[in-house]
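**Student:** Before anything else, here's the structure in question.
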Amino acid sequence: MGEIVNLRRARKERARREKDAQAQQNRAVFGRSNAERTLATAQERLEARRLDAHKREPGEEPA
């Protein structure tokens, strides 16, 4: 005799496997490598420093 299968559990397991497969595919397509994230963070910090360097002090007259 065959194994008794809970259909609700089988559907949930199948959906979970499909969702995991889709997530893995999305990570491959849309994910960024560690080097790319580090570079982006460094660029954001540099831009923030440049912007802060161009701020005027209170009471300073415009040129």
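According to this note's numbering, the stretch in the sequence shown is residues 1 to 63, in order.
C-beta atoms are modelled at their ideal positions from N, C-alpha and C, and glycine is treated no differently.
Treat the numbers as computed from the prediction; the structure is a model and nothing was measured.
(1) Quick check: what's the CA-CA separation for R14 versus F30?
(2) DSSP three-state call for V29: helix, strand or coil?
(3) Where do the N-terminal and C-terminal ends of the alpha helix (DSSP H) with N34 fall, by residue?
(4) Tell me the DSSP secondary structure of E57 in three-state form.
**Tutor:** Once the coordinates are examined:
(1) 24 Å
(2) helix
(3) N34 to A53
(4) Residue state for E57 is assigned as coil, using DSSP reduced to three classes.
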